[in-house]
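Participant: Right, I'll just put the structure down here and ask away after.
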Amino acid sequence: MNNEVFTTLGVSNRERAKHDYYATDPKAVEMLLELEEIRPIVLEPFCGEGHISKVLLNHGHHVISSDLIDRGFGFRSDIKEYKLKDNNLYCRDKLVLDTDFDIVTNPPYKHTNEFTEYVLNLLRPECKLIQFLKLQFLETKGRRELFKKYPLKKLYVSSSRLVAAKNGDFSKEKGSAIAYGWFVWEKGFYEDPIIKWFN
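Numbering (the working numbering), first residue to last: 54 to 252.
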């Protein structure tokens with residue numbers, strides 16, 4: 054089997070991006086804004102170089118952007134430094150938000166299960182966690198347990214392939230063999246999810 058076939062199957066032995074950093078195509082965020090109502094205040098805790106945050110800012114959202122790795126955008130913070138106390142969001146014991154907010158992000162894939170559970174506990178009731186993820190995130194028994202405990206509200210499946218650029222470099226991306234979508238959780242939602250298609 055040649056490398057082209059492996060790449061198509063998504064099992065290439067190419068080196069993973071440093072710190073599992075794959076930046077979201079800004080046009081995917083533009084499409085999300087046409088699909089889903091997002092609160093005026095947004096937390097982006099894996100902001101990278103700001104590919105999601107910048108689109109939201111351009112549409113008038115107030116965005117708090119942070120990342121464990123300093124890539125020149127937002128402030129440096131580990132997600133575990135965020136805590137919810139008395140229904141207010143704190144980071145390193147400093148008040149960050151005392152109002153409703155949504156989270157829109159593209160987390161490091163290998164930590165998505167842990168991250169999803171952690172941040173859903175940071176949200177106020179009816180606020181949303183929206184993540185740009187590979188559709189294969191729907192698979193595995195471990196994630197089945199996650200979805201039972203925290204059901205999705207909506208899944209927006211991209212009909213055409215979108216790109217998540219390795220190390221944020223879109224100039225090297227010629228296309229994608231990976232299917233992506235926007236996964237939407239709402240704090241307190243426990244019904245069956247709605248699946249829609251876009252792009």
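Quick reminder that beta carbons are idealized off the backbone N, C-alpha and C, glycines included. Since the structure is predicted, the reported quantities are computational estimates derived from the model, not experimental observations.
#1: With a threshold of 8 Å, are at least 3 pairs of Cβ atoms found where one atom belongs to the stretch 152-159 and the other to the stretch 101-112?
#2: Throw me the rounded Cβ distance for the W238 and L173 pair, which I believe falls under 8 Å.
#3: Looking at C-beta atoms only, is the number of pairs between the stretch 129-142 and the stretch 179-197 that lie closer than 8 Å three or more?
#4: Check this for me: beta carbons of G234 and V216, under 8 Å apart or not?
#5: Consult DSSP for I105 and reduce its assignment to one of helix, strand or coil.
#6: Does the distance from the CB of F99 to the CB of P161 come in under 8 Å?
#7: Counting along the chain, where does the alpha helix (DSSP H) carrying A81 start and finish?
#8: For the alpha helix (DSSP H) containing E97, list its first residue and its last residue.
Facilitator: On the basis of the coordinates in this document:
#1: Cβ pair count under 8 Å is three or more, so yes.
#2: Cβ-Cβ separation between W238 and L173: approximately 6 Å, consistent with a contact (criterion under 8 Å).
#3: Cβ pair count under 8 Å is below three, so no.
#4: Taking C-beta atoms as the reference points, G234 and V216 fail to come closer than 8 Å.
#5: Reduced to three states, the DSSP call for I105 is helix.
#6: Contact: yes.
#7: For A81, the enclosing alpha helix (DSSP H) covers residues 79-88.
#8: Careful: E97 lies outside any alpha helix (DSSP H), inside the beta strand (DSSP E) at 94-97.
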